[in-house]
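**Student:**
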Amino acid sequence: MKSLNDWLKKVEEIGELVRVKAEVDPVLEMSTVTYLNGKEVGGPTLLFENVKGHPGHKCLFNPFGSSLNRFALAIREEPNKKPIELVNILKGKMNKKIAPKEIDAAKAPVNQNIDIGDAVDVTIFPAPHMWPHDGGKYIGTADSVITMDPNTGRVNLGTYRQMIEGTQQVGYYSSPGKDTLLDRELWWAKGKPAPVAAVYGNDPLMFMVSATSFPKDVSEYEYAGGIAGEPIEVFKSDITGLLLPANAEIIIEGFCYPDKNAEEGPFGEFQGYYGRPGGPTPYIEIKAIRYRNNPVLTSALMADWPSNECGVMWGMAKAAKVWQDLDLMGVPGIKGVWSPPEAAGWGWTVVSIEQRYAGHAAQVGALAAQCMGGAYFSKYIVVVDEDIDPSNLSDVIWAMATRSRPAQSIDILRETWSTYLDPSLNPAEIRPWGSKIIINACKEFKYINSWSKRTRLSKPVYKKVAARWTELGLKGQAPEIEVFEEDDKY
Ligand SMILES: Cc1cc2nc3c(=O)[nH]c(=O)nc-3n(C[C@H](O)[C@H](O)[C@H](O)COP(=O)(O)O)c2cc1C
Ligand SMILES: [Mn+2]
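Numbering follows our numbering, with no gaps: position 18 of the sequence shown is 10.
(1) Can you name, in chain order, every residue of its own chain whose Cβ lies under 7 Å from the Cβ of Ser59, other than the five neighbours on each side?
(2) Let me check you understand the geometry: is the CB of Gly30 closer than 6 Å to at least one non-hydrogen atom of ligand 1?
(3) Is Asp171 close to ligand 2? I mean its beta-carbon at under 6 Å from any heavy atom of the ligand.
(4) Cβ-heavy atom distance between Asn194 and ligand 2 below 6 Å?
(5) How close, in whole Å, do the beta carbons of Lys279 and Ile108 come, if the pair is a contact with beta carbons under 8 Å?
(6) Tell me, which residues are paired with Gly163 by DSSP?
(7) Bridge partners for Ser291 per DSSP, in chain order?
(8) Which same chain residues, not among the five before or five after Phe63, have their C-beta less than 6 Å away from its C-beta?
(9) Look up Gly109 in the DSSP assignment and say whether it is helix, strand or coil.
(10) In terms of DSSP beta bridges, what is Asn148 paired with?
(11) Starting from Asn253 and walking both ways along the beta strand (DSSP E), at which residues does that stretch end?
(12) Determine the extent of the alpha helix (DSSP H) in which Cys302 is found, giving its start and end residues.
(13) How about Ser370: is its Cβ closer than 6 Å to a heavy atom in ligand 4?
(14) Just to confirm, are Gly193 and Val288 a CB contact at a threshold of 7 Å?
(15) Are Met198 and Ala220 touching if we call contact CB-CB under 7 Å?
(16) What's the C-alpha gap between Ala238 and Glu301?
(17) Find out if the Cβ-Cβ distance for the pair Ile380, Ser331 is shorter than 7 Å.
(18) Quick one: is the Cβ of Asn148 within less than 6 Å of any heavy atom of ligand 2?
(19) What does the alpha-carbon distance come out to for the pair Ser229 and Thr37?
(20) To the nearest whole angstrom, what separates the beta carbons of Thr341 and Ala360, a pair I think is in contact under 8 Å?
(21) For ligand 1, is there a heavy atom less than 6 Å away from the beta-carbon of Arg406?
(22) Apart from the five residues just before and just after Ala240, which ones in its own chain have a Cβ nearer than 7 Å to its Cβ?
(23) By the DSSP assignment, the alpha helix (DSSP H) with Val457 in it spans what residues?
(24) Closest by CA to Asp251, which one among Tyr265, Pro274, Arg406 and Pro92?
(25) Would you check if the distance between the CB atom of Arg395 and the CB atom of Ala353 is smaller than 7 Å?
(26) Is Cys248 near ligand 1 - that is, is its Cβ less than 6 Å away from at least one heavy atom of it?
(27) Under the three-state reduction of DSSP, which class applies to Asp403: helix, strand or coil?
(28) Measure the CB-CB distance between Arg11 and Leu52 and report whether it falls below 7 Å.
(29) With distances taken between CB atoms, is the gap from Ser450 to Glu477 smaller than 7 Å?
(30) Nearer than 6 Å: is that true of the beta carbon of Ser291 relative to any heavy atom of ligand 1?
(31) So, for Ile404: in the same chain, excluding its five sequence neighbours on each side, which residues have a beta-carbon less than 6 Å away from its beta-carbon?
(32) By Cβ distance below 8 Å, which residues in the same chain neighbour Leu318 in space, the five residues on each side in sequence not counted?
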């Protein structure tokens, strides 16, 4: 599997692709259809094949949406995996790195069409205007922005929103500290314009690695290769010198200058609110566009759950990284980590552990709250015992209600790492300072041996009943149960 189309074929096979053949307006209408369609958890991804004013072009909205199956396919796994199983698999794959493979530019499908100089017109692509107060059409959301560190040659891929500002100009917003911003400043410090490319239709795996923070000195191409289990095919651009993905749908390329800014934003963001009010922002002066015949633009609607493209994608990546961090620190007994997509992808962390020693649960809570993979934006960190599935919020709430002791089990961390996009922090000037609550919802370890026994089903009786489900006049199959009575007498 190498391309968006390869992935789409698999998505269609599992019945999670809807091709919208009726004409839809890119201004507010595509995003409204996507929002409403996304209200059902696991709802399909939408391929708009007839976008008003853009014959021959298509727009794919919310490739992941709220579907774990589509996420599984993107990381080269079969669908129908249990949530924590999938997080564990992703954690394993994040440990691998494979360098990209350079191929001949003439063989790259994205070079089927190349428009250069005066021929460049980025408005041919069906970029959506998503929310009423957005500053314009956002061509770049489910994108990968490619830059290079001029000193080391490390190529960075990051997802940054991009607003169309003219036929040869897209705004390119980066928060402080992000890799793309550091790269472009290194070019500017040398007195040179920063070369930038942006991929607007991509294998969703590339989108996911671009939207996730990896170490600054390693290329996201290597993580994508590691997760895919094979190198990503790239070619070297003769315009910017950047390594570009050969199998992409659409790539724009150009340069960014320190003294060239334009108004950008506002934009309806991942938390379900408009972020900063707008303001002067650097832009890319586009020198070339490359695209396949009848290309597919990928778009990500940012919204409240479950219509948010950042719920499952960010939740999965964050959970895998927190788990990896806890492993690297040598913390034992971790049974699972979950970052509920309901919480704007990043707002909560739940860790389930087998308690092994005094203070173990408190240690896990504090580390999960503040490790690199978990610290940003998350506000609620809950630690539960091993019999609780952290991905099952009903179980988690039950554990909080029955095992935590609010007077003893809750800690608050202050002045923690948050974001200018957190609408709860006011006045806005005090951002990005946040706070966090750690809830120990485990059985109190001091009394673990005498703790009230949980009511659990007898396994033999469960099996008998499950086998008689239909005979009993009940619909479907008996639900799967993970936790059973351990006393052999039953
Ligand atoms: C749809 C989408 C849009 C995003 N837009 C921006 C943006 O405009 N500016 C920004 O700084 N981060 C944005 N992010 C978050 C970055 O992609 C994320 O922090 C990523 O780690 C950046 O890459 P880097 O780690 O290589 O800097 C966005 C993420 C998503 C999923
Ligand atoms: Mn990076």
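Quick reminder that beta carbons are idealized off the backbone N, C-alpha and C, glycines included.
**Tutor:** This is what the structure gives:
(1) Glu8, Gly34 and Val304
(2) no
(3) If you check the C-beta of Asp171 against ligand 2, you find a heavy atom less than 6 Å away.
(4) no
(5) 7 Å
(6) Met155 and Tyr275
(7) Phe53
(8) Spatial neighbours of Phe63 in its own chain (CB-CB distance under 6 Å, excluding positions within 5 residues in sequence) are listed in chain order as Phe56, Val304 and Met308.
(9) helix
(10) Thr139
(11) Asn253 to Glu256
(12) Bounds of the alpha helix (DSSP H) holding Cys302 are Cys302 to Leu320.
(13) The model depicted lacks ligand 4 and carries ligand 1 and ligand 2 instead.
(14) yes
(15) no
(16) 25 Å
(17) Contact flag unset, no.
(18) True, at least one ligand heavy atom lies under 6 Å from that Cβ.
(19) If you take the alpha carbons of Ser229 and Thr37, they lie about 32 Å apart.
(20) 5 Å
(21) No - ligand 1 has no heavy atom lying nearer than 6 Å to the Cβ of Arg406.
(22) Val102, Val191, Gly193 and Asn194
(23) Lys451 to Ala459
(24) Pro274
(25) no
(26) No; taking the cut-off as 6 Å, the Cβ of Cys248 has no heavy atom of ligand 1 nearer than that.
(27) strand
(28) no
(29) yes
(30) no
(31) Cβ contact annotation for Ile404 (same chain, cutoff 6 Å, sequence separation greater than five): Ile429, in chain order.
(32) The answer, listed in chain order, is Ile326, Val329, Val343, Val356, Leu359, Ala360 and Cys363.
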